[in-house]
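Please read the structure below before turning to the comments.
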Amino acid sequence: REKIATAKLQLQRLVDLHGEHQAVREFRMQAAYYLKGIPRSAKTKAAVNMVDTQAEVDHIFDDFVEQTEERARERQAKA
Numbered sequence: 001r002e003k004i005a006t007a008k009l010q011l012q013r014l015v016d017l018h019g020e021h022q023a024v025r026e027f028r029m030q031a032a033y034y035l036k037g038i039p040r041s042a043k044t045k046a047a048v049n050m051v052d053t054q055a056e057v058d059h060i061f062d063d064f065v066e067q068t069e070e071r072a073r074e075r076q077a078k079a
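Counting from 1, one number per residue, gives the positions in the sequence shown under my numbering.
Shown next, in the form of structure tokens:
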């Protein structure tokens, strides 16, 4: 969750600095860094590389966090 929040903050700062179109294109290269080491993040990395707006990136990240937290809750329930 913290890595994703930091990624979203960086994207916002890039948008403020370069405008949305350029920022999202630049951020695509950096998104993999934030997702590295997080299980099941490959589809999220691929999805980020397919979108063109900050809102779409934020939505993808929000869905990823939700799914990751849901899996964690399921694991705890089984334990």
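Ideal Cβ placement from N, Cα and C applies to all residues, glycine included.
Rounded C-beta distance between residue i and residue j? I'm assuming under 8 Å.
{"i": "A32", "j": "K45", "result": "5 Å"}
{"i": "S34", "j": "I4", "result": "Reading off the sequence, residue 34 comes out as Tyr, not Ser. Indeed they touch by this definition, with Cβ atoms about 7 Å apart."}
Give the range of the alpha helix (DSSP H) segment to which residue i is assigned.
{"i": "V51", "result": "Run containing V51: none; DSSP gives neither H nor E here."}
{"i": "I38", "result": "Taken as a continuous stretch (DSSP letters only), I38 belongs to no alpha helix (DSSP H), as it is neither H nor E."}
{"i": "A7", "result": "E2 to H18"}
Whose CA, out of the options, lies closest to the CA of residue i?
{"i": "E57", "options": "E20, D16 and E2", "result": "It should be noted that the sequence gives Val, not Glu, for residue 57. Among E20, D16 and E2, the Cα nearest to that of V57 belongs to E20."}
{"i": "S41", "options": "H18, D52 and D62", "result": "D62"}
{"i": "T53", "options": "H18, E66 and K78", "result": "H18"}
Between the segment 62-73 and the segment 13-33, are three or more C-beta pairs nearer than 8 Å? no
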